[in-house]
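Mapping of the sequence shown onto the UniProt record's numbering: residues 1 to 284, in sequence order.
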Amino acid sequence: MALLLFGRRLFKCSKDVGKIMEASQLYCSSASSGKRRVNSVDLYYEQTGQGKHAVLLLPGALGSTKTDFGPQLKSLNKECFTVVGWDPRGYGQSRPPDRDFPSDFFERDAKDGVDLMKTLGFKKFSLLGWSDGGITAMIAAARNPELINKMVVWGSNVFVTEDDCKLYNMVRDVSKWSARMRQPMEEVYGAEAFAKIWENWVDGIAQFAKRPEGNICMELLPLISCPTLIIHGEKDPMVPSFHPHYLHKNIKASRLHLMPEGKHNLHLKYAEEFNKLVEDFLKD
Numbered sequence: 001m002a003l004l005l006f007g008r009r010l011f012k013c014s015k016d017v018g019k020i021m022e023a024s025q026l027y028c029s030s031a032s033s034g035k036r037r038v039n040s041v042d043l044y045y046e047q048t049g050q051g052k053h054a055v056l057l058l059p060g061a062l063g064s065t066k067t068d069f070g071p072q073l074k075s076l077n078k079e080c081f082t083v084v085g086w087d088p089r090g091y092g093q094s095r096p097p098d099r100d101f102p103s104d105f106f107e108r109d110a111k112d113g114v115d116l117m118k119t120l121g122f123k124k125f126s127l128l129g130w131s132d133g134g135i136t137a138m139i140a141a142a143r144n145p146e147l148i149n150k151m152v153v154w155g156s157n158v159f160v161t162e163d164d165c166k167l168y169n170m171v172r173d174v175s176k177w178s179a180r181m182r183q184p185m186e187e188v189y190g191a192e193a194f195a196k197i198w199e200n201w202v203d204g205i206a207q208f209a210k211r212p213e214g215n216i217c218m219e220l221l222p223l224i225s226c227p228t229l230i231i232h233g234e235k236d237p238m239v240p241s242f243h244p245h246y247l248h249k250n251i252k253a254s255r256l257h258l259m260p261e262g263k264h265n266l267h268l269k270y271a272e273e274f275n276k277l278v279e280d281f282l283k284d
């Protein structure tokens with residue numbers, strides 16, 4: 001789902017949007033960072049903490065460590081966890097290559113993320129996936145049950161409806177977004193490249209609506225065996241509540257936690273509450 005579409009009034013600046021963007025820019029210097037060659041691509045990553053429990057952060061559409069997970073890299077318990085953020089191929093600092101969206105792009109991201117963690121020397125790890133990153137996380141967990149300790153997903157779905165596509169097309173033209181909402185992505189990609197990649201993402205996600213039931217990876221949910229926490233913001237304008245309930249029903253080792261005031265970016269706007277929820281789940 002869209003990284004920056006946090007409220008129903010998508011094209012207007014507001015105090016709420018200002019707070020959201022400030023939260024998304026809570027960016028910290030990490031213990032280590034760099035690039036690793038994985039599946040013929042140089043993937044950028046940042047690693048912080050020295051805990052025995054490794055955690056991989058999976059960003060949303062066009063997302064990166066810089067735009068998506070500042071509060072988590074900064075504040076998740078560094079004694080309990082080793083936290084790895086990464087930029088999927090074609091996003092952020094994992095360029096080149098240019099980002100494309102073939103029919104298997106979620107599967108490709110899942111393999112890249114898992115193989116990056118192997119390259120970094122982690123034999124088992126947990127997954128924290130937001131939005132598109134949640135889809136990637138679920139695929140990774142289903143394909144690699146022996147590697148995944150636990151998983152947390154939020155703002156995610158495993159099928160796309162025609163109504164979803166109408167919403168995506170409403171925000172296809174980023175020139176209609178407020179300057180404040182475009183700024184973080186334009187800083188990463190440049191204005192022209194951001195607009196082009198975003199349009200390509202809209203087309204990429206819409207292709208799933210042409211499949212039976214709009215399927216992305218519905219058939220994989222029964223294969224997920226790790227304990228899973230599904231978090232849903234009840235004011236999320238991008239992901240209707242039937243999506244997290246569908247996940248909860250079809251992932252057997254899952255629990256669902258609702259945040260009444262949460263929107264799509266609940267891990268940024270309510271970072272302290274979110275981080276505690278995640279830490280308690282991972283430690284349990």
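The C-beta atom is built at its ideal place from N, Cα and C for all residues, glycine as well.
Thinking residue i and residue j are a contact (beta carbons under 8 Å), I'd like their distance in whole angstroms, please.
i    : j    : result
R95  : D112 : The Cβ separation is near 14 Å, so there is no contact.
V55  : S126 : 5 Å
A142 : I231 : About 19 Å separates the two Cβ atoms, so there is no contact after all.
L57  : V83  : 7 Å
Y246 : I205 : The Cβ separation is near 17 Å, so there is no contact.
E279 : L258 : No, E279 and L258 are not in contact; Cβ-Cβ is about 19 Å, not under 8 Å.
F281 : L229 : 5 Å
Can you say whether residue i is buried or exposed, counting buried as having 16 or more other CB atoms within 10 angstroms of its CB?
i    : result
R37  : exposed
R99  : buried
S156 : buried
R108 : buried
L266 : buried
F242 : exposed
P97  : exposed
M170 : exposed
Which residue marks the beginning of the beta strand (DSSP E) containing residue i, and which one marks its end?
i    : result
R255 : S254 to M259
G233 : T228 to G233
Tell me the rounded alpha-carbon separation between residue i and residue j.
i           : j    : result
K118        : G49  : 18 Å
G51         : L76  : 10 Å
P244        : C226 : 17 Å
S33         : G121 : 15 Å
P102        : Y270 : 34 Å
residue 367 : P222 : Outside the displayed range of the chain (1 to 284) lies residue 367, so it cannot be described from this structure.
N144        : K78  : 25 Å
G85         : Q47  : 6 Å
S29         : K74  : Its pLDDT being 45, under 50, S29 is placed unreliably in this model, and the value from its coordinates should be taken loosely. Distance between the alpha carbons of S29 and K74 is about 8 Å.
I197        : L220 : 28 Å
E272        : S64  : 20 Å
D68         : P59  : 6 Å
A61         : G133 : 8 Å
A179        : Y189 : 15 Å
residue 285 : F208 : What the structure shows of the chain is the stretch from 1 to 284, and residue 285 is not part of that stretch, so it cannot be assessed.
A261        : L277 : Sequence inspection shows Glu at residue 261; the Ala mentioned does not correspond to that position. Roughly 15 Å separates the two Cα atoms.
If you follow the alpha helix (DSSP H) that residue i is in, where does it begin and where does it stop?
i    : result
D112 : F105 to T119
D280 : A271 to K283
H245 : F242 to N250
Item to complete: Please go through the segment 123–205 and give each complete alpha helix (DSSP H) segment of 4 or more residues, from N-terminal end onward.
Response: 132–143, 162–170 and 179–189
Entirely within the segment 37–88 and at least 4 residues each: give me those alpha helix (DSSP H) ranges in chain order. 65–68 and 70–75
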